[in-house]
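Those letters in the sequence shown? Residues 131 to 834, per this note's numbering, in order.
Ideal Cβ placement from N, Cα and C applies to all residues, glycine included.
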Amino acid sequence: MLKEIKNLSLQFKIMAIFLTMSILLMLTLGLVFYNNTAQNVKQNKENEIMTLADETANKIERFLFEREADIQVMAQSQLLTMPQIDSETKRQYLENVINNYKTYDEIFVLNQLGETVLSATFNIGDSHVDRHELFAQSPGILNKILSGKAYISDVLTEKDPSQWFILFSEPLRDEKGKLYGAVVERMNFDAIDEIISNVKLGEAGHAKLMPSDEHYGVSYELLDGKDHLSVRIPIIKYETQSAQWMLFLSEPTEEAFALIHNIRIYFGLVFGVTMIILFIVSNYLSKRITQPIRTLKLHMGELLETHKLNMALAYEGTSDEVKQLTHTFDFLLEELSFMVQKTMEKTGEAESVKSVKFSLDAMIEHSVTGIVTIDGKGVITSVNPRVREIFKVASDEDVIVGVSIMKVDHPRFEDFFAILRESIVDEKQLVDYNCSIKNPEVQLVVSTLIQKDIYHTPIGITVMLQSVEDKERFEHSVIRAKKLSELGELSAGVAHEIRNPLASIKGYTQMAAREVDILSDAYHDLGIVLNEVDRLDRLVDRFLSFASPNTPNYILGDMNQLISESIRVLRQQIQEKKIQVVVELDQASYFEYDADQMKQVILNLLINAIQASENGGIIKLSTTLNETELKYMLSITNSGERIDPELKDRIFTPFFTTRATGSGLGLAICARIIENHHGTIELISSHDTDTTFLINLPTKKGIL
131 MLKEIKNLSL
141 QFKIMAIFLT
151 MSILLMLTLG
161 LVFYNNTAQN
171 VKQNKENEIM
181 TLADETANKI
191 ERFLFEREAD
201 IQVMAQSQLL
211 TMPQIDSETK
221 RQYLENVINN
231 YKTYDEIFVL
241 NQLGETVLSA
251 TFNIGDSHVD
261 RHELFAQSPG
271 ILNKILSGKA
281 YISDVLTEKD
291 PSQWFILFSE
301 PLRDEKGKLY
311 GAVVERMNFD
321 AIDEIISNVK
331 LGEAGHAKLM
341 PSDEHYGVSY
351 ELLDGKDHLS
361 VRIPIIKYET
371 QSAQWMLFLS
381 EPTEEAFALI
391 HNIRIYFGLV
401 FGVTMIILFI
411 VSNYLSKRIT
421 QPIRTLKLHM
431 GELLETHKLN
441 MALAYEGTSD
451 EVKQLTHTFD
461 FLLEELSFMV
471 QKTMEKTGEA
481 ESVKSVKFSL
491 DAMIEHSVTG
501 IVTIDGKGVI
511 TSVNPRVREI
521 FKVASDEDVI
531 VGVSIMKVDH
541 PRFEDFFAIL
551 RESIVDEKQL
561 VDYNCSIKNP
571 EVQLVVSTLI
581 QKDIYHTPIG
591 ITVMLQSVED
601 KERFEHSVIR
611 AKKLSELGEL
621 SAGVAHEIRN
631 PLASIKGYTQ
641 MAAREVDILS
651 DAYHDLGIVL
661 NEVDRLDRLV
671 DRFLSFASPN
681 TPNYILGDMN
691 QLISESIRVL
701 RQQIQEKKIQ
711 VVVELDQASY
721 FEYDADQMKQ
731 VILNLLINAI
741 QASENGGIIK
751 LSTTLNETEL
761 KYMLSITNSG
771 ERIDPELKDR
781 IFTPFFTTRA
791 TGSGLGLAIC
801 ARIIENHHGT
811 IELISSHDTD
821 TTFLINLPTK
831 KGIL
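Below you can see the structure in the form of structure tokens.
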């Protein structure tokens, strides 16, 4: 009976431990899962409503942009100012515009005295404010319309939001360029209301336009006694407008985050079911676990009785059957460890560890960060090649290896050693700490990592250092890359929006050209329009080239051959200016790069060099391939017109150019291509007599 009680007690303890650990683990994982899920649901919902607001605001802004383009097209067509066209034809033209777009209540033409000389209306009821009443109430609007400049009014509101409107106006000039008056569009809000009404925010969410100067973005606020998830997005504000309008979207949090409530219910059900399953499983397992112990004890007793052994001698030191099993397991573990050790020796595990160590040493050797290791006594045990470059010493010099940082008899490294002593003595890790070394003076940024043994005793430190100049250059390149990326996305959007109206303009112009006499002035003018449209289309192509350069297609190639081909392509331009091209190419020039993109970079730089060179000038190209540092360097130097040093930081900025005919995208595209190759391009000198650009490329893709 006593044995059964003891066995039952052991089984109960096993069940209690199993259930406790399982419940704690399940609660921990469940709470982590719930919190992460709830946070993700909130974040996704915030992103969803923000994206919806951005898309809706973009639709409204695109709609306003199209209306602005409409008024510009009407003003630039000169149809409304040509005396040979009668008023009825002009009025029909305006009515066609109104009927085609169905977004204008009225289009009218004013002369310089503010008198209406032509108008066309569509569906203006008596409840609307007419233009005469509007100009009488707000004479400033009429003055701005007749100012000779483009004008876009604020949203002119009436009691009924469906009757809100905006005035778009453009100055009209006759064929001689003399100011004739202005053409004005009265745009209703029907299309904008339709855009807003299509916004779907659950059952109780809503969207609206409202004038506001509050902060924009996602927020939580109390509306009509309920918590709401809201977002405010500013709509484009033109220079001639004074009020800032925002798109406001909101949805009750109870509806927006209904999924979180469902997850709580689901979690409770899962927890209850899991508890029942765990109780059944723990009861079963505890019986299975304790059964071998009972069986083993029984067999041991039978064995002792069979061989007539002394019970006390057999169980000497312990009377607990669990401890006896523990001794057995310890013996088995020792045997298993011995077998594993022998297996590792036979399978060459030690060689694998050596291979990993060799790979780590190679990575440290080629790191762009200086790395210094120091043992627990303060003696410097190793430095990588980058440390020698930062300290500006010969590559075969031992620098400070074997030197103790605890000594103060090194004047050049006094400041550097002082902060390292403080780090190892006070067990303080340094992060981006500034110091310097002397003769020559180098400003350093130092970080340390303290190594400790299993007893948390410091056994050494690893020092990572950079020169301040290298760090600033890296931070500058990161900032520039971010700006280029953002500007590239903006350029892509602008290029897309420009290309659509360009296609329409080109189509209508070609249709008009077929209708007029080829000997007339109008045909000549239409030809000019087509040429300008083609020029703008080419510029859009350059925008897109800058906005989304292709990912490099790395292929092993000969850079020397690529440079020679680029020079041959520009041979005619070089000969016309009698320029002497000096080429000093390293014989080693094979590595992986995108040949098409790199040829574009070289051609751009050579064209710039030719344009900047005087007749009879010199252009020099030189290359070096450093197989130790896995780096390829190309420099292009030209004599002649120099670049102002003050412009050095701006020359790779998109749309910045020093030439009247330049687009400002050439060097920006070069910079994007080089950065996509994980390289660098910089203007390293611009003297009175020459200008030099230096390109650094990794010979292993993605490593520099």
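The continuous alpha helix (DSSP H) containing R802 extends over residues G796 to N806. Boundaries of the alpha helix (DSSP H) around Q222: S217 to Y231. Contact between the segment 820-828 and the segment 753-768 is present, with at least three C-beta pairs closer than 8 angstroms. Within the same chain, T211 and Y310 come within 7 angstroms of D304 by CB-CB distance, once the 5 residues on both sides are set aside.
Taking a cut-off of 8 angstroms on C-beta distances, the segment 306-324 touches the segment 226-238, as three or more cross pairs fall below it. Fully enclosed beta strand (DSSP E) runs of no fewer than 3 residues occupy 685-688 of the segment 685-712, in order along the chain. Shown here, L656 sits in a helix according to DSSP, grouped into three states. Here Q703 has I737 and I740 as same chain residues with Cβ atoms under 8 angstroms from its own Cβ, once five neighbours each way along the sequence are excluded. DSSP, read as helix, strand or coil, puts S719 in coil. Looking at the DSSP output, Y234 shares a beta bridge with M317.
Taking 8 angstroms as the cut-off, the beta carbon of V285 is found closer than this to the beta carbon of I296. With 16 or more other Cβ atoms inside 10 Å of its own Cβ, E381 counts as buried.
Taking a 10 Å sphere around the C-beta of K761, we find 16 or more other C-beta atoms and assign the residue as buried. Distance from the Cα of I732 is smallest, within the candidate group C800, Y281 and T287, for C800. Following the DSSP letters along the chain, one finds P515 inside the alpha helix (DSSP H) bounded by residues P515 to F521. For Q267, the enclosing alpha helix (DSSP H) has its first and last residue at R261 to Q267.
In this structure, V329 lies away from E176, with their beta-carbon atoms at least 8 angstroms apart. The continuous stretches of alpha helix (DSSP H) do not include R780, and DSSP gives it neither H nor E. S277 sits in coil when the DSSP states are folded into three classes, being neither helix nor strand.
Taking a cut-off of 8 angstroms on C-beta distances, the segment 391-400 does not touch the segment 411-425, as fewer than three cross pairs fall below it. Check the Cα spacing between T639 and each of E198, Q206, T158 and F142: the tightest is with Q206. The straight-line gap separating the alpha-carbon atoms of V711 and E744 is approximately 13 angstroms.
Listed in chain order, the non-local C-beta contacts of Q202 below 7 angstroms within the same chain comprise E300, local neighbours out to five positions each way being set aside. Remark: C-beta atoms of M376 and S342 approach each other more closely than 8 angstroms.
Under DSSP, V361 takes part in a beta bridge, and its partners are V348 and L379.
For S416, the number of other beta carbons within 10 angstroms of its own is at least 16, and it is reported as buried. Using a Cβ distance threshold of 8 angstroms, V576 and V598 do not count as a contacting pair. By the CB criterion at 8 angstroms, R362 and E344 fall inside the cutoff. Nearest Cα to T499 within the set E557, K601 and E645: K601.
Taking P588 as the centre and dropping the five residues before and after it, the same chain places the C-beta of G506, I554, E557, I580, Q581 and K582 closer than 8 angstroms to its C-beta, in chain order. If you ignore the 5 residues before and after A280, its C-beta comes within less than 6 angstroms of the C-beta of E300, all in its own chain and listed in chain order. Around G796, the same chain offers N734 and N738 as residues with beta carbons nearer than 7 angstroms, after the five sequence neighbours per side are excluded.
The straight-line gap separating the alpha-carbon atoms of G637 and L660 is approximately 9 angstroms.
In its chain, beyond the 5 residues on either side, I510, G590 and I591 have a beta carbon closer than 6 angstroms to the beta carbon of I504. Annotation for E225: A250 place their beta carbon closer than 7 angstroms to its own, counting only its chain and skipping 5 residues before and after.
Here H336 has S380 as same chain residues with Cβ atoms under 7 angstroms from its own Cβ, once five neighbours each way along the sequence are excluded.
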